[in-house]
Structures are given as C-alpha cells and as structure tokens.
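Asker: Numbering (my numbering), first residue to last: 783 to 1357.
#1: Answer with buried or exposed for residue 857, where buried requires no fewer than 16 other C-beta atoms within 10 angstroms of its C-beta.
#2: For the alpha helix (DSSP H) containing residue 1360, name the first residue and the last one.
#3: Relative to the alpha-carbon of residue 1160, which residue among 917, 1260, 1227 and 1027 has its alpha-carbon at the smallest distance?
#4: Would you kindly work out how many angstroms separate the C-alpha atoms of residue 1158 and residue 1208, rounded to a whole number?
#5: Closest to residue 727 by C-alpha separation, out of 796, 1331, 838 and 813, would be which residue?
#6: Let's see if you can read the secondary structure: which residues bound the beta strand (DSSP E) around residue 1294?
#7: Using the Cα positions of residue 1312 and residue 1113, report the straight-line distance between them to the nearest angstrom.
#8: Can you tell me whether DSSP reads residue 1244 as helix, strand or coil?
#9: Given 8 Å as the limit, is there contact between the segment 862–875 and the segment 1247–1264, that is, 3 or more CB pairs closer than that?
#10: Using only the alpha-carbon positions, how far apart do residue 869 and residue 903 sit?
#11: What do you get for residue 1104, buried or exposed, if any count of 16 or more other CB atoms within 10 angstroms of its CB means buried?
#12: Taking 8 Å as the cut-off, does the segment 1138–1148 touch the segment 1273–1283 (at least 3 CB pairs, one atom from each stretch)?
#13: In angstroms with no decimal places, state the Cα-to-Cα distance between residue 804 and residue 1241.
#14: Identify which residue in 1165, 1332, 1247 and 1032 has its Cα closest to the Cα of residue 994.
#15: Taking the alpha helix (DSSP H) that residue 1110 falls in, what are its first and last residues?
#16: Going by alpha carbons, who is nearest to residue 859 out of 1130, 1244 and 1305?
#17: Go to residue 1280, then tell me how far its beta strand (DSSP E) extends in each direction, as first and last residue.
#18: To which residues of the same chain is residue 874 closer than 7 Å at the C-beta, ignoring the five residues directly before and after it?
#19: Is the segment 1305–1321 touching the segment 1166–1180 in the sense that three or more CB pairs, one from each, lie closer than 8 Å?
#20: Would a C-beta distance cut-off of 7 Å place residue 1273 and residue 831 closer than the cut-off?
#21: Cutting at 6 Å between CB atoms, please list the residues of its own chain near residue 846, excluding the five before and the five after it.
#22: Under 7 Å, do residue 1328 and residue 1202 count as touching if we go by C-beta distance?
#23: Using a Cβ cut-off of 7 Å (strictly closer), state whether residue 1030 contacts chain B.
#24: Quick check on residue 819: does DSSP put it in helix, strand or coil?
#25: Please classify residue 1124 as buried or exposed, where buried requires at least 16 neighbouring CB atoms within 10 angstroms.
#26: Which residues in the same chain as residue 989 place their Cβ atom closer than 7 Å to its Cβ, once the five residues preceding and following it in sequence are excluded?
#27: Considering only the beta carbon of each residue, do residue 892 and residue 882 sit closer than 7 Å?
#28: Going by Cα to Cα distance, which pick from 1101, 1155 and 1100 is closest to residue 1127?
#29: Quick one: any contact between the segment 820–830 and the segment 999–1008, if contact means 3 or more CB pairs under 8 Å?
#30: Taking the alpha carbon of residue 1182 as the reference point, which residue from 1222, 1325 and 1206 has its own alpha carbon closest?
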C-alpha cells in the first residue's frame, strides 16, 4: 500500500511555518478588542446611547465567540477553507462598518451590530483554525499545549481580513504519520531545538507586551509622536518570521497516500539512526483530504495524547455536567471582563472632573487620551496573563497532576471579582491603570486555561466544535452584563449628572458623569465572579475525584508478577 500513490501532489509545510503563521492569524483575529478605541467615535457619529453602543459591541462579541459553526466547518472541512471564509467575513464586516460610518446607507444600532458580528465571526474562524492546527502539530511529543504557546493576542490594530486569507494558506492539520525521508531532525537535538524555539516565541511575546504597555503610557501621557513606537512594534512583530529558520526544509511536495506505508506502525517514523520526524503541515483541508480508509488507518493514540477521556462529539459534550460548569465560569469571568473593556471610554467619562454646564469637544475632555492607553495596557497584560498562566499551569500540572490546572480557574475567578470591586470605587482616572493591569491578567489566564481544559475534558477530535459552542458563554455574558446591565444602569444614572461632547461634524452626545454610573454594575459582576469561584472549586473537586478513580483503576490493572503485562484496557472516565 505504501507504493500506491493516489491523489494529486500537495504541499506540506513544516510545523514551524504553521506556528509563525498561526501567531499572525491570531493577531489579526484579535482586532475585536479594539472596539473600546473607536466605540466613542461610533457613539458620537450615530448619536447612540450607552445601551445602544454596548449592543453594537455585544453583537461583535457574539460573532467572535459564537464559534460553533466555524468549529464544525473546521472539524469537517479543514483550516484552509476556514481561513478563506473567515478572512472574507472579517473584511466584509469592517467594510460595511466603514460604509455605514460614512453614511452611505442608513442603519440603526442593530444593523451596525450585525456588521460587527460578521467581522467577529470571521476572526473566530481564523482563530480556531490557528489554534487547532498548532495544537495538533505540537501535541504528540511536546510538553506544551498550543493554547499555551500561541495563547496571546496582541490586539495592536484593526487589520483587514484579506491578510488572514493569504497567511491562512500556510496552515493546516498535520498528516500522521509522516514520510521518514522528509524533514528529519536528530533525536538528541529535537527536544533542545523545540524548547529553544518555544522560549523564543515566549521571549518575543513578552517583549511585545512590555513594549506595547510602556509605549502606550508614554504616548498617552506626553505629546511624543507614536510613529517611532509603531516602527519598533512592526520590527518586533516581524521577528516571528525567524521561528522556522534552520528547522530544515520549510515545505515538501508529496502525494497524500505516501504516508500510508507508515500508518499501521506509528513508530516507523523513528529512524534506526536515531532521528525523528518533525511535524508537517499539508496544503489540503485537514484529514478530510484523504479517504475514510486512510483516516481510519491513523493510530487513535495520536488523537488522545492530551486527553484521558474519549473524544466527545458535540452532542455528547452538551450532555456532560462539566461542560455546563465550565460554561458558567467562562460566562462569569469573561462577561465581567468584557463589561469593563467595552466601557473603557464611558468609564473614563464617568469619573473625569468636568464642568457639566459646558459642551466639550470630545478630544478636549480631560483624560480622553487615557482610553487608548487603557486598551493598550489591557492587551499587554492579557498577553502576559496567557503566557504566564500557560507556563505555570503546565509546570504545576507536570508535578501535581491535571487537577492542579483547574485551580487556576479558581484564582482567575477570584481575581476578576476583586478587580470589579476595585473599579466600583475608582473615582480618579489614574486609579484605572492598576485595575486594568489585573483585569488583563485575569482575562488572559481564563482564555489560556479554558481551551486547555476543554481539550482535556472532551478530547481533541471534535475540539473546534466543542470549544466553539463553549464560546457562547462569553457571548451571553457580554449581552447580559455589558449591554443589559451596564448599558441600562449607565443610561439610568445619567439623571444624577451628565455632560455633553461634540465632534468636528457637530454631532452631540451626552455622557453619564457621577459615581453611580457603573458602581452598582460592578457590585453585581463581582457577585457573579464570587459564584464562579464556588463553581470552579466544584469543578476542581470533580476533577480530583476522577483522577483518584483513574489512579485506583490503573493500580488494579497493574501487573501482579514480574514480566506480566497489564491488561490492555483503555480508561474512559465518566464526568
């Protein structure tokens, strides 16, 4: 069978090319978080209330996090087509927002929100493709999960979806196993090379986060031009292109059936001379490029590397108690976090010291430049939170078992709750800076841990679909907490004090300006996070009990005499 060459030749990119491409795809998909920067402009242009502008942001978040459709497409049709359609949707959403802002056609807040949802949905398709591809590329022999390696979105600017389409052609799922004559690396150097490149990616991410935060503070508090900082930022971003350097050939052209000669023996890819294959990335759409016989020949052990459970389908996942517990935790932490992020502009306007009888030009409001600084600080510490917690969770899990990873959800819930209470009593603009730092850490930690737990709890095979449906949790949180709660309360308490701003076109907008604008909102979100702490402890206990049962079962299956094999039984835990 190994000599039979079926199908057209295809390009297989190395996994390091996929890693670099995945980083850029995630940067592109993170542009939804720039909403806080231009939300005040949209509010001024269209004359929206706080509830209406929050509705626009919420619909954008719903599009971003309601990833079940994109997840199903990715699981069954592969990442390249996902990047293609995702890029088109991303571009279409932004282009329609531009046309509406230019008044080419009339629309209301719901219409603008639908455009934002289209843009966000495109980013979701691209993000899931990059996440799943690199999870598969690095899961087999490596200690790091892709959510940890790639789990940082830098949120630097609004970038067009067309870039996602181009870069997306460089990523795809790994064909397993691989032809032994291509892309080999000496075994004794494989782990060193892997870890050095992982550390290199981490170092670039840390440098970007620190530089982004520092430059945002400088440009936000002084009159220094942001141009030099932008040039340095682009140079740092370009360094990700160095990741695939000296990893061997970057691509190979093969026929898909060429790897079948090794399908029945996963160890055949390891050479007698001690070398081991590097992972490859194909140009087709994942495993769906090959026939059912070809897919069934691939060893199931490769699918279950990161999961001690069976691979749950989407329907099976929805029937698991742990899914709904994680769903609520995701809802609480990210819903509370996005309530702050979407309202950065109005939060600043609510606490600035202004004469409420004067109509201000928007850019002349004290603290106006703070809004961009807060967004940049959030993105920087969101990045650091993902990277720090990703590293620590792997380190702790390696020493104390998978139960330890769940403890980070407890910490993230508690930290987010404390952040909400802090903002409830923030009465001066400088007080917002430390709050945003811890907000980013809690937010980033959650987006690092939840995908990894979804992978461990429900398996890899249907990961994109399962994580996509779980993405509805922050989408619901955004609607309930950011729009219905924060927006309505902000508009209601405007009666206790407000001021008016105008833009160059003469559009006037009123802003709530008193201590009650968001205080009661943050009290409620803090309570929701407190409940999330309790639910996280429940998940931790369930995970601990399951690990104990598994350990007891493994002890029962252990050999009782020297040289006797253990029973060849696959453990499937019921959660």
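Think of the CB as a built atom: it goes at the ideal place given N, C-alpha and C, for glycine as much as any other residue.
Answerer: The structure says:
#1: buried
#2: Within the shown structure, residues of the chain are numbered from 783 to 1357, placing residue 1360 beyond reach of any answer.
#3: 1227
#4: 19 Å
#5: A question about residue 727 goes unanswered here, because the residues of the chain that appear run from 783 up to 1357.
#6: 1290–1294
#7: 13 Å
#8: coil
#9: no
#10: 10 Å
#11: buried
#12: yes
#13: 21 Å
#14: 1165
#15: 1103–1124
#16: 1244
#17: 1280–1284
#18: 900
#19: no
#20: yes
#21: 814, 902, 905 and 906
#22: no
#23: Absent from the structure: chain B. Only one protein chain is present.
#24: helix
#25: buried
#26: 1018
#27: no
#28: 1155
#29: no
#30: 1325
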